[in-house]
Amino acid sequence: MQVVSIKAADSSLVRIGLSDGSIFSFKTVYLPPDFSSGLWAVKGAEISLKEAESLRFAAGCYRAERAALALIARAEQTRLGLKAKLARKGINSVYIGAALDYLEGLGIISDERFAALWLESKLRRVRTGRGGKLCPQKLLASLLGRSIPSGIARKALGSALDSATERALLDSYIAGVFPNFDKGDIFVRQKLKAAGFSSAVIRAYWEDM
Numbered sequence: 269m270q271v272v273s274i275k276a277a278d279s280s281l282v283r284i285g286l287s288d289g290s291i292f293s294f295k296t297v298y299l300p301p302d303f304s305s306g307l308w309a310v311k312g313a314e315i316s317l318k319e320a321e322s323l324r325f326a327a328g329c330y331r332a333e334r335a336a337l338a339l340i341a342r343a344e345q346t347r348l349g350l351k352a353k354l355a356r357k358g359i360n361s362v363y364i365g366a367a368l369d370y371l372e373g374l375g376i377i378s379d380e381r382f383a384a385l386w387l388e389s390k391l392r393r394v395r396t397g398r399g400g401k402l403c404p405q406k407l408l409a410s411l412l413g414r415s416i417p418s419g420i421a422r423k424a425l426g427s428a429l430d431s432a433t434e435r436a437l438l439d440s441y442i443a444g445v446f447p448n449f450d451k452g453d454i455f456v457r458q459k460l461k462a463a464g465f466s467s468a469v470i471r472a473y474w475e476d477m
């Protein structure tokens with residue numbers, strides 16, 4: 269097979285035409301490590317079928333990358349969330365995996381950042397008196413439901429809930445769920461533990477009553 273046209277938009281993005289009539293764009297970052305360096309990048313160069321398939325693989329990854337970036341441009345995304353959305357578009361899972369690895373390496377995709385930003389938006393409501401019935405357990409469940417891995421979700425929640433923030437969350441939760449409870453009601457303390465509040469914050473609340 270022969271390279272009939274080639275144009276480099278920059279050092280990494282290439283548009284190529286092959287003698288079978290196919291024309292496509294790709295990023296060199298998606299080429300396999302053992303790909304013949306530079307030998308294909310000349311008009312008229314002869315390439316093997318295996319090399320042509322490597323170029324097409326890189327093109328598939330680039331298409332997956334562009335589709336992912338279009339979704340990211342609308343809103344912060346999780347890796348698993350992006351994977352599911354791209355799969356629904358009919359994109360090959362191998363292309364998706366390579367593209368998401370690349371974007372994750374650049375920091376464009378970050379489950380840690382997604383979790384931190386999402387928690388900040390929810391806890392901001394608590395600080396402005398609009399926390400309602402939010403509690404640590406609900407926040408954790410919501411993160412997990414947004415395709416955040418358990419370890420990352422728990423770490424993000426632990427970082428977001430310093431003692432002052434957790435206390436504000438507890439005050440808001442009690443006002444919304446147990447507005448007229450009795451201080452001696454053990455049932456309420458058990459419910460607060462089940463809702464994910466720490467023993468230290470619960471104890472401090474009781475001492476301040």
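If you're matching positions, the sequence shown starts at 269 in the numbering used here and goes up one per residue.
Even glycine gets a Cβ: it sits at the ideal position worked out from N, Cα and C.
Given a length threshold of 4 residues, each whole run of the alpha helix (DSSP H) inside the stretch 354-398 is given here in chain order: 361-373 and 379-395.
Only buried fits P404, as 16 or more other CB atoms lie within 10 angstroms of its CB. The alpha-carbon separation between N360 and L317 amounts to approximately 20 angstroms. Comparing C-alpha distances from S415 to each of L323, Q270 and S378 shows the shortest one belongs to S378. Residue pairing of A276 in beta bridges, as defined by DSSP: V282. Between the stretch 349-360 and the stretch 319-336 there are three or more inter-stretch CB-CB distances shorter than 8 angstroms, so the stretches are counted as touching. Under DSSP, E314 takes part in a beta bridge, and its partners are Q270. Taking 8 angstroms as the upper bound for CB-CB distance, A313 and V271 are in contact here, some 5 angstroms apart.
The beta-bridge partner set that DSSP reports for S440 is empty. Only residues of its own chain outside the window of five on either side were considered, and among them F294, Y298 and L299 have a CB closer than 6 angstroms to the CB of A326, listed in chain order. Between A424 and L387 a beta carbon distance of about 6 angstroms is seen, short of the 8 angstroms cut, so the two are scored as contacting. Look at I340 here: in three-state DSSP terms it is helix. Here DSSP, grouped into helix, strand and coil, assigns F455 to helix. Using a Cβ distance threshold of 9 angstroms, A468 and A428 do not count as a contacting pair.
The DSSP-derived three-state label of I470 is helix. Contact check for K351 against I340 fails: the beta carbons are separated by 9 angstroms or more.
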